[in-house]
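Worksheet: one structure, shown below.
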Amino acid sequence: MTTNMGAVELNLYEDKAPKTVANFIKYIEAGAFNQGQIYRVVRKDNDNGSPKIEVIQGGANPEFKDFEPVELETTQQTGLRHLDGTISMARDTPNTATSAFFICIGNQPSLDFAGQRNKDGQGFAAFGQVTKGMSVIKKIHQITATEKSEDAYTAGQILAEPVVIESITISQ
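Per UniProt numbering, residue 1 is the first one in the sequence shown, and the count goes up by one each step.
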């Protein structure tokens, strides 16, 4: 993943989260992340949920029309956990994830199955890990310039100038 703040390498766990990885790859192959954005930064000092988490969130180019949502592969099913550098699918209710993803800063057990962050207890679909460039993720996480949000839940978290995802490519 190349951003205007630096490059990040990810290892995707196709063997543990095949549906989620296939969904992410489908977006990559369609060019959906070209000129995508990292648009949300959640830190303990601006988190409006409970328990507090620390993540950055991004997604496809706003002009891209999302594909159908992917079935939720819980961490109970995959055995993966939301550890420092884990990439996971953002969602509302179960089975609603499309192109939005987040990367954990530090361990975030409340995002796992049976975690307390989401009232439905299903957690989020972890599917990969940052292997290089965590310093870029942490630099993005420190951005504090935000814009006004109409949603109280994301207030103080939406970046005034989103970080540009120039592209995400697949290498073997």
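From the three backbone atoms N, C-alpha and C, an ideal C-beta is built for every residue, glycine too.
Please state whether DSSP places LYS119 in a helix, a strand or coil. DSSP places LYS119 in coil when its eight states are reduced to three.
Taking just the CA atoms, how far does GLN172 sit from GLY49? When rounded, the separation of the alpha-carbon atoms in GLY49 and GLN172 is 38 angstroms.
Counting only runs that start and end within the stretch 90-151, where is the beta strand (DSSP E) found for 3 or more residues in a row? Qualifying beta strand (DSSP E) stretches, in chain order: 101-104 and 125-132.
Compute the beta-carbon to beta-carbon distance between SER99 and GLY59, rounded to the nearest angstrom, for a pair I have assumed lies under 8 angstroms. About 5 angstroms; that satisfies the 8 angstroms criterion.
My guess is that MET5 and VAL163 are in contact by the Cβ rule of under 8 angstroms, so how many angstroms apart are they, rounded? Yes, they are in contact, since the Cβ atoms of MET5 and VAL163 sit about 5 angstroms apart, within 8 angstroms.
Since ASN11 is in the alpha helix (DSSP H), which residue starts that stretch and which ends it? Segment 9-12 is the beta strand (DSSP E) holding ASN11; no alpha helix (DSSP H) there.
Using C-beta distances below 7 angstroms, list every residue in its chain close to ASN95, excluding the 5 sequence neighbours before and after it, in chain order. Excluding sequence neighbours, ASN95 sits near PRO69, GLU71 and LEU72.
Which residue marks the beginning of the alpha helix (DSSP H) containing VAL21, and which one marks its end? Note, VAL21: alpha helix (DSSP H), 18-29.
By alpha-carbon positions, which one of ILE38, PRO51, GLU147 and GLN37 ends up nearest to GLY121? Minimum Cα distance to GLY121 is reached at PRO51.
Check whether the stretch 135-150 and the stretch 26-41 touch, using three or more Cβ-Cβ pairs below 8 angstroms as the test. Output reads yes: the stretch 26-41 touches the stretch 135-150.
Just reading off the beta strand (DSSP E) that GLN57 is part of, what are its end residues? That run of the beta strand (DSSP E) goes 55-59.
Contact under 8 angstroms by Cβ, ALA90 with GLN57: GLN57 sits close to ALA90, with the two beta carbons spaced by under 8 angstroms.
Beta-carbon within less than 7 angstroms of ILE158's beta-carbon, same chain only, minus the 5 sequence neighbours each way: which residues are those? Sequence-distant Cβ neighbours of ILE158 in its own chain, meaning closer than 7 angstroms and more than five residues away, are TYR39, ARG40, THR146, GLU147 and SER149.
Determine the direct distance from the alpha carbon of GLU166 to that of TYR27, and round the result to whole angstroms. Distance from the CA atom of TYR27 to the CA atom of GLU166, rounded to whole angstroms, is 14 angstroms.
Would DSSP call THR86 helix, strand or coil? Of the three classes helix, strand and coil, the one that applies to THR86 here is strand, per DSSP.
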